[in-house]
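One point on numbering: in numbering that gives the first Met the number 0, the residue at position 13 of the sequence shown is 12, and numbering is uninterrupted.
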Amino acid sequence: MNHYSFSLLVILLLCVASCNSTKVVEVNVICKEAFKPSFCSKLLNSKSGGAKGADLVNLAQYTIDVLSVNLTNTVNLINKLISEGGGKAKARKHYDTCLLDLGPYGTSASVHLIDADFSLKRREYREMAASTALLMQNILHCKNDRKDYYYDDYHSDKSLLSKYVDVIMKTGQVLDIISKYLNLG
């Protein structure tokens with residue numbers, strides 16, 4: 000009976016160890032799926048200690064941390080643009096829309112990023128992927144709002160907002176790709 004119990008314990012420990020094993024995917028494999036592979040590669044390789052041999056969970060956490068900083072900087076820029084009162088009325092509407100899409104409100108990108116981070120820590124990769132997809136929708140809405148509805152102001156807006164949004168969009172896409180690989184594993 001003791002031998003049987005010990006064998007079951009060993010099998011159980013092996014199953015737990017294999018379930019908790021980390022999956023490594025090379026940066027070039029992840030980044031070839033990105034719209035801007037060079038941006039993706041630069042982002043992931045800027046991880047302290049490098050990305051070579053880093054597991055997907057660590058790459059995802061690093062990407063979430065970078066995206067959090069970039070989202071905060073973007074929201075701060077939007078608040079500054081609104082407080083300065085500069086720009087045309089249509090530009091102001093765009094800033095307001097982006098603030099709702101990206102700021103710390105309800106179903107914004109910032110909230111979805113917090114959800115993705117929470118899901119990652121709990122190893123709930125399907126939920127993480129869903130939160131990341133919603134985050135990307137918010138970022139795209141902010142980006143496309145400017146192009147679709149305010150075309151006449153699109154080229155006249157001299158703020159850095161479009162550049163900031165472009166960075167969070169590319170970073171979000173990297174997180175989206177990593178979450179896909181986590182779900183496969």
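Every residue gets a Cβ at the ideal spot worked out from N, C-alpha and C, and that includes glycine.
- DSSP puts V166 in a beta bridge; with which residues? Note: V166 sits in no beta bridge, so no partner.
- Along the chain, which unbroken stretches of the beta strand (DSSP E) at least 3 residues long are found entirely within the stretch 44 to 113? Counting only runs of 3+ residues, no beta strand (DSSP E) is found wholly inside the stretch 44 to 113.
- Item | Proximity winner among Y61, V56, G52 and K46, relative to K179 (alpha-carbon distances) | When only C-alpha atoms are compared, the closest one is V56.
- Task: Just grab the DSSP bridge partners of V24 for me.
- Result: For V24, which the question treats as bridged, DSSP gives no partner whatsoever.
- Item | Closest residue to L43 among L183, K169 and N182 (Cα-Cα distance) | It is K169.
- Pick from T106, N27 and F34 that is closest to G171, judged by C-alpha positions: Comparing Cα-Cα distances from G171 to each of T106, N27 and F34, the minimum goes to F34.
- Query: Contact between the stretch 80 to 91 and the stretch 48 to 67: three or more CB pairs below 8 angstroms?
  - Reply: Fewer than three Cβ pairs drawn from the stretch 80 to 91 and the stretch 48 to 67 lie within less than 8 angstroms of each other, which leaves the two stretches out of contact.
- Message: Am I right that L196 and A108 are in contact with their C-beta atoms under 8 angstroms? What's the rounded C-beta distance?
- Response: Because the chain here runs from 0 to 184, residue 196 falls outside it and cannot be looked at.
- Out of L160, D114 and D175, state which residue places its alpha-carbon closest to the alpha-carbon of M135. Out of L160, D114 and D175, D175 has the C-alpha closest to the C-alpha of M135.
- Item | Residue burial classification, G102 (beta-carbon count within 10 angstroms, cutoff 16) | G102 counts as buried, since at least 16 other C-beta atoms from the protein chains shown sit within 10 angstroms of its C-beta.
- Message: Mapping the DSSP letters down to three states, classify E123 as helix, strand or coil.
- Response: E123 falls in the coil class under three-state DSSP.
- Query: How close, in whole Å, do the beta carbons of N137 and D100 come, if the pair is a contact with beta carbons under 8 angstroms?
  - Reply: Taking the Cβ atoms as the reference, N137 lies roughly 4 angstroms from D100, within the contact range of under 8 angstroms.
- Message: On the criterion of 16 or more Cβ atoms from any shown chain inside 10 Å, does D95 qualify as buried, or is it exposed?
- Response: Around the Cβ of D95, a 10 Å sphere holds fewer than 16 other Cβ atoms; the residue is exposed.
- Message: Only counting the same chain, and skipping five residues up and downstream in sequence, which positions put a Cβ closer than 7 angstroms to that of H140?
- Response: Apart from sequence neighbours up to five positions away, the residues of its chain that approach H140 with a beta-carbon distance below 7 angstroms are D100, ordered along the chain.
- Query: Is K157 helix, strand or coil by DSSP?
  - Reply: The answer is coil: DSSP assigns K157 none of H, G, I, E or B.
- Message: In whole angstroms, give me the CA-to-CA distance for I177 and K142.
- Response: Taking the straight line from one Cα to the other gives about 22 angstroms.
- Let me know if S82 comes out buried or exposed under the rule of 16 or more other beta-carbons within 10 Å of its beta-carbon. By the neighbour-count criterion, in which 16 or more other beta carbons inside 10 Å mark a residue as buried, S82 falls on the exposed side.
- How many Å lie between D116 and K51 at the Cα? Those two C-alpha atoms are separated by around 22 angstroms.
- Message: Here's the rule I'm using: 16 or more other beta-carbon atoms within 10 Å means buried, otherwise exposed. How should S47 be labelled?
- Response: So S47 counts as exposed.
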